[in-house]
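Just so you know, the protein sequences line up as chains A and B, in that order.
Per our numbering, the very first residue in the first sequence carries number 1; after that it's consecutive.
Per our numbering, the very first residue in the second sequence carries number 218; after that it's consecutive.
For every residue, glycine included, the Cβ atom is placed at its ideal position computed from N, Cα and C.
This structure is a prediction, so every number in the text was calculated from the model and none was measured.
The block underneath contains the structure these notes are about, expressed in C-alpha cells.
Number of protein chains: 2
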Amino acid sequence: MSEIVPPTERTRVVREPQRGVYDRESIYKILDEGFVCHVGFSVDGQPYVIPTLFARVGEAIYFHGSAASRMLRNLGEGIPVCITVTLADGFVLARSVFNHSMNYRSVVALGKAMIVDAPTEKLGALHAFTDKILPGRWNDARQPNEKELKATNILRLPLTEVSAKVRSGPPIDDDADYALPVWAGVIPFHVAADAPIRDEGCDPAIPLPQYLQNFKR
Amino acid sequence: MSEIVPPTERTRVVREPQRGVYDRESIYKILDEGFVCHVGFSVDGQPYVIPTLFARVGEAIYFHGSAASRMLRNLGEGIPVCITVTLADGFVLARSVFNHSMNYRSVVALGKAMIVDAPTEKLGALHAFTDKILPGRWNDARQPNEKELKATNILRLPLTEVSAKVRSGPPIDDDADYALPVWAGVIPFHVAADAPIRDEGCDPAIPLPQYLQNFKR
Numbered sequence: 001m002s003e004i005v006p007p008t009e010r011t012r013v014v015r016e017p018q019r020g021v022y023d024r025e026s027i028y029k030i031l032d033e034g035f036v037c038h039v040g041f042s043v044d045g046q047p048y049v050i051p052t053l054f055a056r057v058g059e060a061i062y063f064h065g066s067a068a069s070r071m072l073r074n075l076g077e078g079i080p081v082c083i084t085v086t087l088a089d090g091f092v093l094a095r096s097v098f099n100h101s102m103n104y105r106s107v108v109a110l111g112k113a114m115i116v117d118a119p120t121e122k123l124g125a126l127h128a129f130t131d132k133i134l135p136g137r138w139n140d141a142r143q144p145n146e147k148e149l150k151a152t153n154i155l156r157l158p159l160t161e162v163s164a165k166v167r168s169g170p171p172i173d174d175d176a177d178y179a180l181p182v183w184a185g186v187i188p189f190h191v192a193a194d195a196p197i198r199d200e201g202c203d204p205a206i207p208l209p210q211y212l213q214n215f216k217r
Numbered sequence: 218m219s220e221i222v223p224p225t226e227r228t229r230v231v232r233e234p235q236r237g238v239y240d241r242e243s244i245y246k247i248l249d250e251g252f253v254c255h256v257g258f259s260v261d262g263q264p265y266v267i268p269t270l271f272a273r274v275g276e277a278i279y280f281h282g283s284a285a286s287r288m289l290r291n292l293g294e295g296i297p298v299c300i301t302v303t304l305a306d307g308f309v310l311a312r313s314v315f316n317h318s319m320n321y322r323s324v325v326a327l328g329k330a331m332i333v334d335a336p337t338e339k340l341g342a343l344h345a346f347t348d349k350i351l352p353g354r355w356n357d358a359r360q361p362n363e364k365e366l367k368a369t370n371i372l373r374l375p376l377t378e379v380s381a382k383v384r385s386g387p388p389i390d391d392d393a394d395y396a397l398p399v400w401a402g403v404i405p406f407h408v409a410a411d412a413p414i415r416d417e418g419c420d421p422a423i424p425l426p427q428y429l430q431n432f433k434r
C-alpha cells in the first residue's frame with residue numbers, strides 16, 4: 001500500500017464515498033495515464049475551466065500556463081486552482097435509466113499554482129510533457145532554445161491536497177429490476193491512436209521513428 | 218453560416234485568436250459529440266472542477282448536479298459556473314519541441330446554472346442524456362419513477378455566453394526548422410468502443426440490442 005494523502009474537507013469524496021481513493025500510487029497512475037487536464041480558476045468571481053497538457057514530476061503537476069492567459073495576469077503569488085484529470089472508461093447500462101452510470105477514474109488536485117521561473121525546472125517540465133506522450137521524442141526533436149524557454153509559461157501545483165474517484169465494474173440495479181428483460185452491462189472504451197499522418201513538408205526519406213511505430217494508447 | 222454568438226470579454230479567444238469559433242452550429246456540434254463535461258465553480262474562493270455527463274437541449278446545457286454536491290449547497294438563485302467540453306483529436310509533432318501541440322476542439326460556456334425543478338423538464342434532460350449516448354436506450358430501459366426523478370439533481374445552463382476553440386491540421390514549424398531531419402506530422406486519435414460486457418446477472422437469452430451492435434464513437 002502506498003502513502004495515503006489524508007483527505008481534507010475539500011478533497012474527501014462526499015457523494016458515493018466508497019469511490020474515494022486516497023493513496024499516492026493510485027492517484028499518480030491516473031495522472032500519468034491522462035494527457036489533458038482541466039484547470040479551474042476564478043477571475044472576478046467567474047470560474048473558468050481550460051483544457052491543457054500536463055505532466056506529473058515527483059509530487060507536483062506541471063501544466064502549460066499559456067492556455068490560462070486570463071489566469072496568469074492575476075497570478076502574482078499564486079492563485080487557487082483546481083486541476084482535474086478524467087479518464088472515461090465505459091458506459092454502464094443498468095436496467096433502469098436512473099442507475100445508468102459511467103466507469104471512470106478522475107483526480108482532483110487543489111492548491112495554489114506558481115509560475116516556474118528557473119530555466120532548468122522549465123526544461124524538465126517540457127521534457128516530461130514530451131516524453132510522457134512519446135518516450136524518445138525529446139531526444140529526436142529540436143530542443144528549446146533560450147528564447148523559446150523564456151516564451152513558455154509553465155505552472156507548478158504541488159500535490160498536497162489531492163484525491164481520486166473511481167467507478168468500475170457492472171451496473172448496480174434495484175433488486176426488483178433484475179427481473180426486467182433489459183440488456184445490462186458495460187460498454188468499455190479507450191483512446192485509440194490512428195495511423196500517423198506525415199506532414200506534407202516532411203521528407204519521405206525520414207523514416208517513421210520507432211516510438212511512433214509502437215505508439216498505442 | 219449559422220448564427221454568431223458575439224464573444225464577450227470573457228469568451229473571446231485571447232491566445233491564438235485564429236482558433237476562436239463563435240457560430241452556434243460549430244459550437245453545438247462539439248457539444249453534441251462530447252459526453253463528459255467539466256463543471257467549474259467556486260466555494261469560499263476555491264475553484265472546483267468536476268467531470269459529469271451532460272446533454273445539450275436547444276440553447277441550453279443540462280448536467281448532473283449530483284456530481285457537484287458541494288456546489289448545490291451554495292446554489293440558491295444560481296451560481297456562476299463554467300462548463301468546458303474538450304475533444305482531443307491528435308498529437309501534433311513538430312520538428313521543434315516548442316511547436317509541439319495538440320489538435321482539439323473545445324467549448325467554454327459561462328453563466329449561472331439553475332436547478333431544474335419541473336418534472337417534465339427533468340425527464341426531458343434525462344431522456345437527452347440517455348439517447349445522446351445510445352439512441353434507443355431510453356425506450357428500452359425502465360424509465361424513472363417519481364421518487365427517482367425527485368432524487369435526481371439536474372442543472373441547466375443557458376448557452377448565451379459561449380465560444381469554441383479549435384486546432385486542426387499539421388504542425389507549424391519555424392522556417393529554419395523545416396530542414397531538420399525530424400519526422401513531423403500528426404497522430405490522430407479517437408475514442409473507440411470495445412465489445413460490450415454483459416452483466417453476470419443478465420439472462421443470456423436477452424439479445425444484444427441493435428443500438429449496441431451499431432455502437433461506435
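Please list the partners that residue i has in chain A, where partner means a Cβ-to-Cβ separation under 9 Å.
{"i": "Pro405 (chain B)", "result": "Ala193, Asp194, Ala195, Pro196 and Ile197"}
Does residue i get closer than 8 Å to chain A when you measure Cβ to Cβ?
{"i": "His201 (chain B)", "result": "This structure leaves residue 201 (chain B) out entirely; chain B is present only between 218 and 434."}
{"i": "Val379 (chain B)", "result": "no"}
{"i": "Glu220 (chain B)", "result": "no"}
Could you tell me if residue i is buried or exposed, where buried requires 16 or more neighbouring beta carbons within 10 angstroms of its beta carbon?
{"i": "Val325 (chain B)", "result": "buried"}
{"i": "Asn316 (chain B)", "result": "buried"}
{"i": "Leu270 (chain B)", "result": "buried"}
{"i": "Lys165 (chain A)", "result": "buried"}
{"i": "Val231 (chain B)", "result": "exposed"}
{"i": "Ser219 (chain B)", "result": "exposed"}
{"i": "Arg12 (chain A)", "result": "exposed"}
{"i": "Gly45 (chain A)", "result": "exposed"}
{"i": "Thr130 (chain A)", "result": "buried"}
{"i": "Ile350 (chain B)", "result": "buried"}
{"i": "Leu425 (chain B)", "result": "exposed"}
{"i": "Asp357 (chain B)", "result": "buried"}
{"i": "Gly418 (chain B)", "result": "exposed"}
{"i": "Arg122 (chain A)", "result": "Reading the sequence as shown, one finds Lys at residue 122 (chain A) and not Arg. Burial call: buried."}
{"i": "Leu390 (chain B)", "result": "For clarity, residue 390 (chain B) is Asp in the given sequence; the question names Leu instead. That one is buried."}
Since residue i meets chain B, which of its residues come closer than 9 Å, beta carbon to beta carbon?
{"i": "Ser106 (chain A)", "result": "Ile267 and Pro268"}
{"i": "Leu157 (chain A)", "result": "The contacting residues do not exist; Leu157 (chain A) stays about 12 Å from chain B at best."}
{"i": "Ile206 (chain A)", "result": "Pro398, Val399, Trp400 and Ala401"}
Anything in chain B within Cβ reach of residue i, meaning under 7 Å, just list it in chain order.
{"i": "Pro144 (chain A)", "result": "Val314 and Phe315"}
{"i": "Ala60 (chain A)", "result": "The contacting residues do not exist; Ala60 (chain A) stays about 18 Å from chain B at best."}
Checking contacts by CB at 8 Å: is residue i closer than that to chain B?
{"i": "Phe54 (chain A)", "result": "no"}
{"i": "Ala113 (chain A)", "result": "no"}
{"i": "Val81 (chain A)", "result": "yes"}
{"i": "Ala88 (chain A)", "result": "yes"}
{"i": "Pro209 (chain A)", "result": "yes"}
Does the separation of the CB atoms of residue i and residue j fall below 8 Å?
{"i": "Leu376 (chain B)", "j": "Val298 (chain B)", "result": "no"}
{"i": "Asn103 (chain A)", "j": "Ser26 (chain A)", "result": "no"}
{"i": "Ala330 (chain B)", "j": "Leu372 (chain B)", "result": "yes"}
{"i": "Asn153 (chain A)", "j": "His64 (chain A)", "result": "yes"}
{"i": "Arg359 (chain B)", "j": "Val5 (chain A)", "result": "no"}
{"i": "Pro47 (chain A)", "j": "His38 (chain A)", "result": "no"}
{"i": "Val253 (chain B)", "j": "Ala193 (chain A)", "result": "no"}
{"i": "Arg273 (chain B)", "j": "Glu378 (chain B)", "result": "no"}
{"i": "Gly124 (chain A)", "j": "Tyr211 (chain A)", "result": "no"}
{"i": "Ile197 (chain A)", "j": "Phe432 (chain B)", "result": "no"}
{"i": "Tyr22 (chain A)", "j": "Arg95 (chain A)", "result": "no"}
{"i": "Ile30 (chain A)", "j": "Val92 (chain A)", "result": "no"}
{"i": "Gly402 (chain B)", "j": "Asp199 (chain A)", "result": "yes"}
{"i": "Ile115 (chain A)", "j": "Ile83 (chain A)", "result": "no"}
{"i": "Leu206 (chain A)", "j": "Pro398 (chain B)", "result": "Before going further, note that residue 206 (chain A) is Ile rather than Leu in the sequence given. Yes, the Cβ-Cβ distance between Ile206 (chain A) and Pro398 (chain B) is below 8 Å."}
{"i": "Ser101 (chain A)", "j": "Ser259 (chain B)", "result": "no"}
{"i": "Ser380 (chain B)", "j": "Gly237 (chain B)", "result": "yes"}
Give the interface partners of residue i over in chain B, defined as CB-CB distance under 8 Å, in chain order.
{"i": "Glu200 (chain A)", "result": "Pro387"}
Within the present structure, is the beta-carbon of residue i separated from the nearest heavy atom of the ligand FAD by less than 7 Å?
{"i": "Phe406 (chain B)", "result": "Summarising the ligand content, the structure contains no ligands, and the ligand FAD is consequently not present."}
Run through chain A and tell me which residues come within less than 7 Å of residue i, C-beta to C-beta.
{"i": "Arg227 (chain B)", "result": "Gln46"}
{"i": "Glu365 (chain B)", "result": "Phe98"}
query: Which residues, taken in chain order from the region 233 to 265 of chain B, show a beta carbon closer than 7 Å to some beta carbon of chain A?
result: Against chain A - using a Cβ distance shorter than 7 Å - the residues of the region 233 to 265 of chain B are Val253, His255, Gly257, Phe258, Ser259, Gly262, Gln263, Pro264 and Tyr265.
- prompt: What residues from the region 168 to 184 of chain A come within 7 Å of chain B, judged by C-beta to C-beta, listed N to C?
  reply: Only Pro170, Pro171, Asp177, Tyr178, Leu180, Pro181, Val182, Trp183 and Ala184 from the region 168 to 184 of chain A bring a Cβ to less than 7 Å from some Cβ of chain B.
message: Counting only Cβ-Cβ distances shorter than 7 Å, please list the residues of the region 116 to 136 of chain A near chain B, keeping chain order.
response: Within the region 116 to 136 of chain A, the qualifying residues are Leu126, Thr130 and Ile133.
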